[in-house]
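S.K.: Once you've had a glance at the structure underneath, I'll fire off some questions.
Residue numbers (my numbering), protein chains in the order written: chain G, 1 to 295; chain W, 1001 to 1276.
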């Protein structure tokens, strides 16, 4: 009796898991194997002959000006977005958390950009930043900055994209921090008050900040991954320009793989991307473990 | 005592309101421009409120000139197609991972965890080649297929099913219910909150996605909402911003309206990506 129960359970389990297994095989494992194989060949889409090139592509990546620049741009973009995304999100969450009647309104206002289609909103930003028609340019001129074209100035374009990225991500982080804040037990604040920590900054440093530690780490890594994958705003607003100043990793990968069809080379680039993402995810998984530990 | 509390509250309102103004400015400008006549967009004077109500002509243009209605229909088809397969595959698999002992369970879960850190950009290249080989590029199938697998959904539902009481399952088995029936008649209905949150996450992600549709779709009949708005912008290169903003408003409207109606589900669903 027990025996049949176990076999029927095993049979049902395997049956339920089979479609998922097949999809993982076709959509994840086989593509990864193909990717590694492609990355050591000179394959181009439509080519009739394929030659093995070993690790040449990987070596070429180190000397590739465009790829190196895209890496620098991507890291710079992450560095520009990250502080505002984390501390801005935390600041907004702290303020919104203390509100009672208006909390809902502020949540909606800050979260709206997260839900909105980024491509559509990027066209709105393009119009807002238009050097002669846009209100932002008018405002900057009125403030005495003169005629600025934020998206066509090589020294400003990446920063402008970073601000738009920040605009989109801050509400997302706010919600994560709000969840972290409501998980802090009230008794901790009462205990801290008995210890003499009555005022805002004191309470924040002694209770809120340490208790939010795991959330903050988590938000930092998630925001890093999001910023690392910047693509939509580049396509809509700058196409990598001016002068390559907004060419980011995914944009260059898209061009190599799907516009120039240098498949083998793009495959090597993808492997490098995957290594970055796996490292970030391992870091993230360790943070989640700690987070669970705290709770 | 009271006075001490009013000042910080005012200060916090001032900061929050200033921030909210920045967050909402693009939405406001989009709506204002979408009802503004063309001559005012290019006018020398900056008048925030339109002098003439031009919504009908702008929205009519957005609906007829480009391919936006079709793009939005495509968006709905693709999102629903993806979601349906995702749920059909992920729910039983997650139930098996959580509640059934079978060979390969550990391997499957390991693969799920690994899959969590692989975004679409990684398998994109081989998948594109495979679709090109089989002549399936530029089709609904090409738009949907890579997302039929959702390791994130499997992970999420597994967490949810693990909390489901074993006693109920055992009682159901004693009553003669098969595992298939248990999944769809007991476990899935109990997981409705998780399913709702996941559905929000999935639909938002695929309605807004640009990377994959940009790669596989070339014909305008198959454009998804982001591709539709991009194409519309490029055809309106003369700079009819009123119509373009009307188009942007149309494309963003479904998700924003849904968000305003089901705020809790959205906040939960989208921030669950945080767990990804």
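Just so you know, even glycine gets a beta-carbon here, dropped at the ideal spot from N, CA and C.
Smallest Cα separation from residue 250/G: which of 82/G, 71/G, 146/G?
M.R.: Ranking the options by Cα distance to residue 250/G, first place goes to 71/G.
S.K.: Distance, Cα to Cα, residue 1016/W vs residue 109/G?
M.R.: So the alpha carbons of these two residues sit roughly 10 Å apart.
S.K.: So that I know if they touch, is there some Cβ in chain W lying closer than 9 Å to that of residue 49/G?
M.R.: No - not a single Cβ of chain W is within 9 Å of the one on residue 49/G.
S.K.: Within 9 Å (strictly less), CB to CB, does residue 1117/W reach chain G?
M.R.: Yes, residue 1117/W counts as interfacial toward chain G.
S.K.: Using the beta-carbon count (16 or more within 10 Å), is residue 86/G buried or exposed?
M.R.: Burial call: buried.
S.K.: I believe residue 66/G touches residue 252/G by the beta-carbon criterion, under 8 Å. Please report the beta-carbon distance rounded to the nearest angstrom.
M.R.: Their Cβ separation, rounded to whole angstroms, is 6 Å, which keeps residue 66/G and residue 252/G in contact under 8 Å.
S.K.: Find out if the Cβ-Cβ distance for the pair residue 235/G, residue 254/G is shorter than 9 Å.
M.R.: Yes, Cβ-Cβ distance for residue 235/G and residue 254/G is below 9 Å.
S.K.: Taking its Cβ as the centre, do 16 or more other Cβ atoms sit within 10 Å of residue 107/G, making it buried, or is it exposed?
M.R.: Label assigned to residue 107/G: buried.
S.K.: Where does residue 332/G land, buried or exposed, given buried means 16+ other C-beta within 10 angstroms?
M.R.: The requested residue 332/G is not part of the displayed model; chain G covers only 1 to 295.
S.K.: Residue 1072/W and residue 1254/W: beta carbons closer than 9 Å?
M.R.: Closer than 9 Å, so yes.
S.K.: Could you check which residue in 32/G, 269/G, 77/G has the C-alpha nearest to that of residue 233/G?
M.R.: Out of 32/G, 269/G, 77/G, 77/G has the C-alpha closest to the C-alpha of residue 233/G.
S.K.: Can you give me the C-alpha to C-alpha distance between residue 1276/W and residue 1118/W, rounded to a whole angstrom?
M.R.: Only weak support is given to the placement of residue 1276/W: the predicted model assigns it a pLDDT of 38, under 50, and the question is left unresolved by the model.
S.K.: What separation, rounded to the nearest whole angstrom, lies between the Cα atoms of residue 222/G and residue 1166/W?
M.R.: Using only the alpha carbons, I get a separation of about 34 Å.
S.K.: So residue 1152/W and residue 10/G are supposed to be a Cβ contact under 8 Å. How far apart are they, rounded?
M.R.: 26 Å between Cβ atoms; not a contact.
S.K.: Any beta carbon of chain G sitting closer than 9 Å to that of residue 1012/W?
M.R.: Chain G, which has a Cβ nearer than 9 Å to the Cβ of residue 1012/W, makes this yes.
S.K.: Would you check if the distance between the CB atom of residue 169/G and the CB atom of residue 46/G is smaller than 9 Å?
M.R.: Going by C-beta atoms, residue 169/G is not nearer than 9 Å to residue 46/G.
S.K.: Near residue 1082/W, which residues of its chain fall below 6 Å by C-beta distance, leaving aside the five closest residues on each side in sequence?
M.R.: Answer for residue 1082/W: 1144, 1147, 1206, listed in chain order.
S.K.: Since residue 1054/W contacts residue 1035/W with CB under 8 Å, what's their CB separation in whole angstroms?
M.R.: Contact holds; Cβ gap of about 6 Å.
S.K.: Quick one: what's residue 52/G bridged to in DSSP?
M.R.: Answer by DSSP bridge pairing, in chain order: 41/G.
S.K.: Straight-line CA distance for residue 1065/W to residue 1232/W?
M.R.: In a straight line, the C-alpha of residue 1065/W is about 8 Å away from that of residue 1232/W.
S.K.: Would you report the Cα separation of residue 229/G and residue 283/G, rounded to the nearest angstrom?
M.R.: Their backbone Cα atoms lie some 17 Å apart in a straight line.
S.K.: At a Cβ threshold of 9 Å, is residue 209/G touching chain W?
M.R.: Residue 209/G does not count as touching chain W.
S.K.: Using beta-carbon positions only, say whether residue 226/G and residue 158/G come within less than 9 Å of one another.
M.R.: Not in contact: residue 226/G and residue 158/G (Cβ atoms no closer than 9 Å).
S.K.: To the nearest angstrom, report how far apart residue 1211/W and residue 1007/W are at their CA atoms.
M.R.: Looking at the two C-alpha atoms, the distance is approximately 48 Å.
S.K.: Applying a beta-carbon distance threshold of less than 9 Å, which residues of chain W neighbour residue 150/G?
M.R.: By Cβ distance, chain W contributes nothing, its closest Cβ being about 14 Å from residue 150/G, past 9 Å.
S.K.: Please identify, using Cβ separations under 8 Å, the residues of the region 244 to 278 of chain G that lie next to chain W, in order along the chain.
M.R.: Those residues of the region 244 to 278 of chain G that come within reach of chain W (Cβ to Cβ, closer than 8 Å) are 250, 253, 254, 257, 258, 263, 266, 267, 270, 273, 274, 277, 278.
S.K.: In three-state terms, what does DSSP make of residue 1293/W?
M.R.: No answer is possible for residue 1293/W: the residues shown for chain W start at 1001 and end at 1276.
S.K.: Got a sec: which bits of the region 99 to 113 of chain G sit with their beta carbon under 9 Å from any beta carbon on chain W, in order along the chain?
M.R.: Flagged, chain order: 99, 102, 104, 105, 106, 107, 108, 109, 110, 111, 112, 113.
S.K.: Check each candidate in 218/G, 219/G, 188/G, 220/G and name the one with the smallest Cα separation from residue 205/G.
M.R.: The option with the nearest alpha carbon to residue 205/G is 188/G.
S.K.: Is there a Cβ from chain G that is less than 9 Å from the Cβ of residue 1233/W?
M.R.: It does: the Cβ of residue 1233/W has a partner Cβ on chain G nearer than 9 Å.
S.K.: Quick check on this structure: which residue in 202/G, 111/G, 28/G has the alpha carbon closest to the alpha carbon of residue 1111/W?
M.R.: The residue with the shortest Cα to Cα distance from residue 1111/W is 28/G.
S.K.: With distances taken Cα to Cα, identify the nearest neighbour of residue 1058/W among 1250/W, 1005/W, 1267/W.
M.R.: Cα-wise, what sits closest to residue 1058/W is 1250/W.
S.K.: Using 10 angstroms around the beta-carbon of residue 142/G, count the other beta-carbons present and answer buried if the total reaches 16, otherwise exposed.
M.R.: The residue in question, residue 142/G, is exposed, as its Cβ has fewer than 16 Cβ neighbours within 10 Å.
S.K.: Could you pull out every residue in the same chain whose Cβ sits closer than 7 Å to the Cβ of residue 115/G, ignoring the five residues on either side in sequence?
M.R.: Result list for residue 115/G: empty, nothing under 7 Å.
S.K.: Quick check: is the beta carbon of residue 1165/W nearer than 9 Å to any beta carbon in chain G?
M.R.: Output row for residue 1165/W: interface = no.
S.K.: Rounded to the nearest angstrom, what separates residue 1137/W and residue 1124/W at their Cα positions?
M.R.: Using only the alpha carbons, I get a separation of about 12 Å.
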